[in-house]
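What follows is a single structure, written as structure tokens, with notes after it.
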């Protein structure tokens, strides 16, 4: 099938740039404009939206100390009550510890005045909260219809081969967990892959070694 | 110019600056005419804005196509409780990627729409609910929100007008159902994102029981243009009942996938074959999903229609979010349908039995057929299950799962039979 796919205009992993040949990956991803967010969350309006799937996590990290305490307080100010802040506060906990253990959920419950059972009920509803530790890099390959039509299962197989893991398992060195994910919303740039907090777009099986090498 | 390909038939209202990194910044956006509508609106009565949007005939771009101005007019004229505007950026319908593009290239266009929408419905707070997976573009939007606050365009006493509008960016955590408006409200209240029974409608009792309006990102992005130029001006594009332009997201077997901004009513066949360049393999088109995975599949011979709400509905499908998924003649539809149904089985919130059970069983039967172990009776079972999944649940997720099953069995029965005759076909379409 690959012989029929048009030549890539601007190889890179921010998606096929088509007629916009002058654009760089940075232009497309807007990373310079967005900048790096500080642990205190910056402006209260956006304090709840720091990326929460990260490589540098520590399951023992204190949750609400220093700048993270500031961020918690900023988040709480933006909602009518404490319960409404549950998702962003879980994001914060997830960002620091890499997953939500029952103990972490209990701590979140405590700070928001909710019961641990309630927090667990909510956390388990959402697929992005990992409930057990995952590899340093969580590789999520979109296999939904648009990506599937363009070869997503081949990309998934390539990730499994090159990381030496089974679907949903973590590699022996603790670096990689590979899972299938539902539509990532980059259907025009198949196959879409999310690795921690960034997207890789227009990924083909032959790109997989390069992508993995960039993570090491 | 839509991204990453352009076509001369496009009308570039929302997408003119896609692919222009300078347009992202507040300064760059203002040089391109940004926030003039917001400045103008602050001198208008909220009711006048609602009236202009009504006049424009703008319809919700998230899938349902409800007239936006009418929706706004359901909000109380004299607030007794806080009003809320919720911007739905939980784009997760398979095949849809327009809101992400709007946010990553023109975050300020979206924010200006949010500010205008909030003012029009007398809300002092707009929450932008962006799906958790969009962490990267959320950082662009976060920066844009900081710029807007720094410039005094949002917050208290905007530009000395006495008007207060706050913006808060809220990241979801991976749940398709939170794109359903009442599921979104529950999620934003810190609950499981399970849809609510309607009525009461959000305009009466929404976020924390307060009057609330939920609008899609693309809907709101249209508002600055309408406020600036007037409702009549907007009607120069599109059809009488579907005015304006629409971002169509094209994916699957097309040579030039991406977002295209077309006037509503544009000829569908010409769109797929010429604008998007036809199929990469050169094989004829077999089937097209016109509005995301939730809508009935159209066969190639049904494409001689306009791309507007009425024409696609008359053909038995829906415009939905404008997410066009193209499949060429070499595709057997069983694997894509199985994959879509698996998606709904995964995303069902589990509240309603027909959906929780129906999606799971339909996925099981489809997997069985794909393994070459199906029988013709399975097709009837699938149709029966689908019937029980349609119109019997709190929200339409269940109906959405049934749509591709029913339409594919009706129009492409041969694809199913091929799996039954030749078990070795299993996996060939994937």
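Protein chains in written order, with the working numbering: chain A, 19 to 234; chain B, 544 to 973. For each residue, glycine too, the CB sits at the ideal point set by N, CA and C.
Please check if any C-beta of chain A sits within less than 9 Å of the C-beta of residue 895(B). no
Name the chain A residues whose beta carbon is nearer than 8 Å to that of residue 751(B)? 98, 99 and 102
Report all residues from its chain with a CB closer than 6 Å to the CB of residue 709(B); omit the five preceding and five following residues, and keep chain order. 668
Once DSSP output is grouped into helix, strand and coil, what is the label at residue 931(B)? helix
If we cut at 9 Å on Cβ distances, does residue 38(A) have a partner in chain B? yes
Tell me, which residues are paired with residue 155(A) by DSSP? 194(A)
Residue 583(B) to residue 705(B) span [Cα, whole Å]: 14 Å
Where do the ends of the beta strand (DSSP E) carrying residue 671(B) lie? 668–673
Rounded distance between the beta-carbons of residue 648(B) and residue 566(B), thought under 8 Å: 6 Å
Local Cβ density within 10 Å of residue 61(A), reported as buried at 16 or more and exposed below that: buried
Per-residue contacts from residue 587(B) into chain A (C-beta, under 8 Å): Near residue 587(B) there are no residues of chain A at all, since even the closest Cβ is about 25 Å away, more than 8 Å.
Which chain A residues are close to residue 669(B), counting only those with a beta carbon under 7 Å from its beta carbon? The premise fails here: residue 669(B) is roughly 10 Å from chain A at the closest Cβ pair, so nothing lies under 7 Å.
Contact the segment 740–747 of chain B vs the segment 174–191 of chain A: 3+ CB pairs below 8 Å: no
Residue 629(B): which of 597(B), 679(B), 726(B) and 560(B) sits nearest, CA to CA? 726(B)
Please check if any C-beta of chain A sits within less than 9 Å of the C-beta of residue 973(B). At residue 973(B) the pLDDT is 43, less than 50, meaning the model places this residue with poor confidence; the figure from the coordinates comes in the next sentence. So yes, residue 973(B) belongs to the interface.
Just to confirm my understanding: we take residue 230(A), look at its own chain, exclude 5 residues before and 5 after, and list those with CB closer than 6 Å. What are they? 180
Would you call the segment 861–871 of chain B in contact with the segment 905–912 of chain B, where contact means no fewer than 3 C-beta pairs closer than 8 Å? no
Please list, in chain order, the chain A residues whose beta carbon lies closer than 7 Å to that of residue 734(B). 140
Ordered along the chain, which non-local residues of its own chain (more than five positions away) have a Cβ less than 8 Å from that of residue 631(B)? 605, 672, 722, 724, 727, 757, 758, 759 and 760
Whole angstroms are fine: how far does the CA of residue 939(B) sit from the CA of residue 633(B)? 16 Å
Would you say the segment 643–657 of chain B touches the segment 771–784 of chain B, given that touching needs at least three Cβ pairs under 8 Å? no
Proximity test, Cβ basis, 9 Å: residue 164(A) and chain B: yes
For residue 816(B), tell me which candidate among 830(B), 806(B) and 577(B) has the shortest Cα-Cα distance. 830(B)
Interface residues of the segment 874–894 of chain B facing chain A [CB-CB below 8 Å]: 874, 878, 879, 882, 883, 886, 889, 890 and 892
9 Å is my cut-off, CB to CB: does residue 955(B) come that close to chain A? no
Consider the Cβ of residue 121(A): report whether some Cβ of chain B lies at a distance smaller than 9 Å. no
Chain B within 9 Å of residue 187(A), Cβ atoms only: no
Counting only Cβ pairs nearer than 8 Å, list the residues of chain B close to residue 106(A). 713 and 714
Residue 609(B) CB to nearest chain A CB: under 9 Å? no
Please classify residue 713(B): is it buried, with 16 or more other beta-carbons within 10 angstroms of its beta-carbon, or exposed? buried
Alpha carbon to alpha carbon, how far is residue 640(B) from residue 802(B)? Give it in angstroms, no decimals. 8 Å
Simplified DSSP assignment, three categories, for residue 612(B): helix
Residue nearest to residue 571(B) in terms of C-alpha spacing, selected from 843(B), 864(B) and 687(B): 687(B)
Is residue 548(B) close to chain A? Criterion is C-beta to C-beta, closer than 9 Å. yes
Which bits of chain A does residue 485(B) rub up against, with CB to CB less than 9 Å? Absent from the model: residue 485(B). The displayed extent of chain B is 544 to 973, so no value can be given.
In angstroms, rounded to a whole number, what distance separates the CA positions of residue 874(B) and residue 34(A)? 23 Å
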